[in-house]
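>
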Amino acid sequence: GLGRDDPGAVWPEKVTAADVVHDGAEVVLVGHRSTQWYSGATNPPPTLLPAPTGHSGPVRGAVAEVLAGIDAGQEPGFEQVVTLFRARGPEVTAIAVAADRLRRETVGDAITWVHNRNINYTNVCTFKCKFCGFSKGPLSLNLRGTPYLLTLDDIAQRAREAWDLGATEVTLQGGIHPSFDGDYYVDVARAVKDAVPGMHVHGFTALEVIEGARRLGEDLPTYLRRLKDAGLASLPGTAAEILDDEVRAVLCPDKITTDEWLDCHAAAHDVGLRSNVTIMFGSIEHPESWARHLLRTRELQKVTGGFTEFVGLPFVHMASPIYLQKGSRRGPTFRETLLMHAVARLVYRGLIDNIQLSWVKIGEAAALQLLQAGCNDLGGTLMDENISRAAGAAHGQGMTEERFTSLVAPLGRRLQQRTTTYDRVDTAFAR
Numbered sequence: 087g088l089g090r091d092d093p094g095a096v097w098p099e100k101v102t103a104a105d106v107v108h109d110g111a112e113v114v115l116v117g118h119r120s121t122q123w124y125s126g127a128t129n130p131p132p133t134l135l136p137a138p139t140g141h142s143g144p145v146r147g148a149v150a151e152v153l154a155g156i157d158a159g160q161e162p163g164f165e166q167v168v169t170l171f172r173a174r175g176p177e178v179t180a181i182a183v184a185a186d187r188l189r190r191e192t193v194g195d196a197i198t199w200v201h202n203r204n205i206n207y208t209n210v211c212t213f214k215c216k217f218c219g220f221s222k223g224p225l226s227l228n229l230r231g232t233p234y235l236l237t238l239d240d241i242a243q244r245a246r247e248a249w250d251l252g253a254t255e256v257t258l259q260g261g262i263h264p265s266f267d268g269d270y271y272v273d274v275a276r277a278v279k280d281a282v283p284g285m286h287v288h289g290f291t292a293l294e295v296i297e298g299a300r301r302l303g304e305d306l307p308t309y310l311r312r313l314k315d316a317g318l319a320s321l322p323g324t325a326a327e328i329l330d331d332e333v334r335a336v337l338c339p340d341k342i343t344t345d346e347w348l349d350c351h352a353a354a355h356d357v358g359l360r361s362n363v364t365i366m367f368g369s370i371e372h373p374e375s376w377a378r379h380l381l382r383t384r385e386l387q388k389v390t391g392g393f394t395e396f397v398g399l400p401f402v403h404m405a406s407p408i409y410l411q412k413g414s415r416r417g418p419t420f421r422e423t424l425l426m427h428a429v430a431r432l433v434y435r436g437l438i439d440n441i442q443l444s445w446v447k448i449g450e451a452a453a454l455q456l457l458q459a460g461c462n463d464l465g466g467t468l469m470d471e472n473i474s475r476a477a478g479a480a481h482g483q484g485m486t487e488e489r490f491t492s493l494v495a496p497l498g499r500r501l502q503q504r505t506t507t508y509d510r511v512d513t514a515f516a517r
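Residue numbers (our numbering): 87 to 517.
1) Would you mind sorting G436 into buried or exposed? The rule is 16 or more other CB atoms within 10 Å of its CB.
2) Which residue marks the beginning of the alpha helix (DSSP H) containing W249, and which one marks its end?
3) Look at E385 and N440 and say whether their C-beta atoms are less than 8 Å apart.
4) Could you have a look at V402 and say whether DSSP puts it in helix, strand or coil?
5) DSSP puts Q442 in a beta bridge; with which residues?
6) Shorter than 8 Å from the beta carbon of T192 to some beta carbon of chain C?
7) Do L443 and L425 count as a contact pair if the criterion is CB distance below 8 Å?
8) To the nearest angstrom, how far is the alpha carbon of D463 from that of T192?
9) Decide if V295 is buried, meaning its Cβ has at least 16 other Cβ atoms within 10 Å, or exposed.
10) State the Cα-Cα distance for the pair W123 and W445, rounded to the nearest angstrom.
11) How big is the Cα-Cα spacing for M366 and C211?
12) Roughly how many whole angstroms lie between the Cα atoms of G358 and V494?
13) Could you check if Q259 is buried or exposed, using at least 16 other CB atoms within 10 Å of its CB as the buried criterion?
14) Rank S361, K341, V333 by C-alpha distance to the C-alpha of G413 and give the top, closest one.
15) Can you give me the start and stop residues for the alpha helix (DSSP H) that G289 sits inside?
16) Within 10 angstroms of the Cβ of R504, are there 16 or more other Cβ atoms? Answer buried if so, exposed if not.
17) Per DSSP, what are the beta-bridge partners of M366 in this structure?
18) Once DSSP output is grouped into helix, strand and coil, what is the label at S125?
19) If we require 4 or more residues per run, which alpha helix (DSSP H) segments fall completely within the stretch 262 to 334?
20) According to DSSP, is S492 helix, strand or coil?
21) So what does DSSP say about T257, is it helix, strand or coil?
22) Out of curiosity, what's the CA-to-CA distance linking Y270 and K447?
23) Check whether the Cβ atoms of A196 and R382 sit closer than 8 Å, and answer yes or no.
24) Near Q160, what residues of its chain come up, given a Cβ to Cβ distance below 8 Å and the 5 sequence neighbours on each side ignored?
25) Pick out whichever of L153, W249, V287 has its Cα sitting closest to the Cα of D186.
26) Hey, how far is the Cα of R301 from the Cα of L399?
27) Keeping to the same chain, check which residues put their C-beta closer than 6 Å to that of C461; ignore five residues upstream and five downstream.
28) Rounded to whole angstroms, what's the CA-CA distance from G261 to D267? Just pull it up for me.
29) Around the C-beta of T419, are 16 or more other C-beta atoms found within 10 angstroms, so that it is buried, or is it exposed?
30) Looking at the unbroken beta strand (DSSP E) that takes in L501, where does it start and where does it end?
31) For the alpha helix (DSSP H) containing T198, list its first residue and its last residue.
32) Which value, in whole angstroms, describes the spacing of the CA atoms of E314 and R510?
33) List the endpoints of the continuous alpha helix (DSSP H) containing D512.
34) Expressed to the nearest angstrom, what Euclidean distance is found between the alpha-carbon atoms of G126 and E422?
35) Alpha carbon to alpha carbon, how far is G525 from H201?
36) Looking at C-alpha atoms only, which residue of L238, L432, E165, G289 is the closest neighbour of N204?
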């Protein structure tokens with residue numbers, strides 16, 4: 087199970103004094119684990135790539151058989167994907183090498199990034215996701231942070247500021263505010279496009295879209311067309327968490343179901359909007375849930391072709407309610423994090439070309455290794471990243487092209503700015 091690196095998996099013994107993280111919250115480093123690395127913290131990861139002595143070379147057994155089948159053109163099924171996720175030692179290296187070879191064959195050696203800004207317009211939310219350290223609701227108003235709601239003018243101004251700093255995309259998402267009707271999201275998209283006509287509007291989770299349509303009494307295709315007409319160009323994959331309803335029943339019992347998430351993204355693709363696949367992993371679930379998530383999204387991609395990328399989002403535990411209530415692990419180990427991205431590269435072969443890492447959750451040292459395990463994309467500059475920070479992540483709220491350049495320099499690979507949909511952005515990008 088998921089606890090193989092983390093005996094005692096849920097709330098093991100305290101091993102360090104409390105550290106103060108973002109907003110003054112105190113967290114403790116707990117374990118036993120194979121390493122003391124965890125997502126969102128500054129601890130350096132173990133060195134898995136390049137492979138340590140004794141961890142390279144051919145492997146045998148079930149993992150070797152699955153990799154041989156993939157190399158021969160076979161599509162891995164459920165049992166094969168679970169086998170890959172359970173890899174250990176030299177098997178992990180073999181999977182990473184296979185994934186990086188496929189990355190090179192698929193997209194080459196360029197490492198891409200997008201200049202964007204996150205705009206989280208409210209942290210007030212009527213839903214009760216047990217992992218979320220960002221939202222404020224009736225049960226969390228006494229916790230960290232102050233409830234807020236940006237005005238349309240605030241949102242437009244932040245979009246203008248982002249454009250002036252070189253951004254080509256704004257990402258819009260937030261809590262489900264009790265006062266919102268579905269027209270609010272239409273108004274937000276229009277406010278950004280009116281302020282900055284050239285900006286790509288990447289916004290609104292499947293939960294926001296479904297809730298907006300429900301509050302207006304509209305079907306999804308009709309509502310999505312209205313959002314598109316107002317300026318929306320693509321949807322984030324967030325709100326997926328884990329596409330396994332047994333896990334969702336614990337993590338987010340009042341949230342949309344797996345089928346509702348898939349149906350929303352299928353409808354978005356059908357009206358001409360692109361989106362991405364995300365997965366939040368390392369809280370309470372097991373490799374079987376990871377496999378179901380990848381395979382369900384792979385099947386949808388075969389039908390619609392509308393996903394532009396896969397993004398792995400390691401669970402950041404430090405200020406997460408479910409962790410503070412002793413109900414979850416403290417995120418995935420680095421082995422599991424590396425495997426998530428490498429296995430995704432192999433599972434989505436020929437269907438989703440771009441595998442993105444989340445620097446804000448894993449840090450630069452871990453990112454450097456994932457770029458050798460099948461990843462080709464660094465994601466965005468973000469500017470104002472609030473959600474990971476609210477959960478306790480310590481890797482900053484923004485990135486620059488210069489820092490991205492420094493990060494990838496040891497690999498000797500070319501850094502390339504891109505648009506949201508992976509078109510190339512030249513230095514002469516029209517302003």
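From the three backbone atoms N, C-alpha and C, an ideal C-beta is built for every residue, glycine too.
The relevant details are as follows:
1) exposed
2) 238 to 250
3) no
4) coil
5) V397, D463
6) Absent from the structure is chain C; it holds one protein chain and no more.
7) no
8) 13 Å
9) buried
10) 14 Å
11) 19 Å
12) 34 Å
13) buried
14) V333
15) Counting along the chain, G289 falls outside any alpha helix (DSSP H), though it belongs to the beta strand (DSSP E) covering 286 to 289.
16) buried
17) L399
18) coil
19) 268 to 281, 292 to 302, 306 to 316
20) helix
21) strand
22) 30 Å
23) no
24) none
25) L153
26) 29 Å
27) H427, I441, L443
28) 13 Å
29) buried
30) 501 to 503
31) Looking at the DSSP string, T198 is not in any alpha helix (DSSP H); the run it does join, the beta strand (DSSP E), is 197 to 200.
32) Residue 314 is actually Lys in this sequence, not Glu. Taking the straight line joining both Cα atoms gives about 23 Å.
33) Taken as a continuous stretch (DSSP letters only), D512 belongs to no alpha helix (DSSP H), as it is neither H nor E.
34) 15 Å
35) Residue 525 is absent from the model: the chain starts at 87 and stops at 517.
36) G289
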